[in-house]
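A quick write-up on the structure given underneath.
Residue numbers (full-length UniProt numbering): 1 to 141.
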């Protein structure tokens, strides 16, 4: 068994999401959007850290930033595949990267956003520590 797992290919992802309910597609898009925001925020902090690093440290940070940017692009591709699937089901897609800005709601100090017509609270869907609630094993993409 490999020590590092590789993400599934876009074609396998597109096939897998066909089996998911619409609400799960929305939740996955919200999760990917949140992940991307954290990676981009991390890159800003890493850029600032370069000011106090050695040449070797700067090279390492540049590599990490480039890797994060690659992961962001990978997540953007997945969001596009989710969009295609939602539209193939005859639904209207609202980009979760914009929906949170336009339709965000604050409830109990947590950010909730309306994505594709459904309220999504990722903490409630996956539990506070990223695990599915109610013992649901689920499919994690």
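In this text, a Cβ means the ideal position worked out from N, Cα and C, and glycines have one as well.
TODO: Let me know the beta strand (DSSP E) ranges lying completely inside the stretch 43 to 77, each 3 residues or longer, listed in chain order.
DONE: none
- [ ] Could you check the C-alpha separation between residue 31 and residue 76 for me, to the nearest Å?
- [x] 12 Å
Task: Helix, strand or coil at residue 21 according to DSSP, with G and I counted as helix - done: coil
- [ ] Taking all protein chains shown into account, decide if residue 29 is buried (16 or more other Cβ within 10 angstroms of its Cβ) or exposed.
- [x] buried
TODO: Identify, in the order they occur along the chain, each residue of the same chain with its Cβ nearer than 8 Å to the Cβ of residue 204, setting aside the five sequence neighbours on each side.
DONE: Look at the range of the chain in this structure, 1 to 141, and you will see that residue 204 is not part of it.
- [ ] Pick out whichever of 89, 47 and 40 has its Cα sitting closest to the Cα of residue 73.
- [x] 40
Open item on the list: Alpha carbons only, please: which of 43, 7, 10 and 48 is nearest the one belonging to residue 67?
Closed with: 43
TODO: Spatial neighbours of residue 65 within its chain, please: CB distance less than 8 Å, with the 5 preceding and 5 following residues excluded, ordered by chain position.
DONE: 43, 46 and 47
TODO: Pick helix, strand or coil for residue 95, following the three-state DSSP scheme.
DONE: coil
- [ ] Could you check if residue 7 is buried or exposed, using at least 16 other CB atoms within 10 Å of its CB as the buried criterion?
- [x] exposed
Open item on the list: Here's the rule I'm using: 16 or more other beta-carbon atoms within 10 Å means buried, otherwise exposed. How should residue 27 be labelled?
Closed with: buried
TODO: Give me the Cα-Cα distance between residue 87 and residue 22, rounded to the nearest whole angstrom.
DONE: 11 Å
Open item on the list: Is it buried or exposed, residue 78, if we count other Cβ atoms within 10 angstroms and call 16 or more buried?
Closed with: buried
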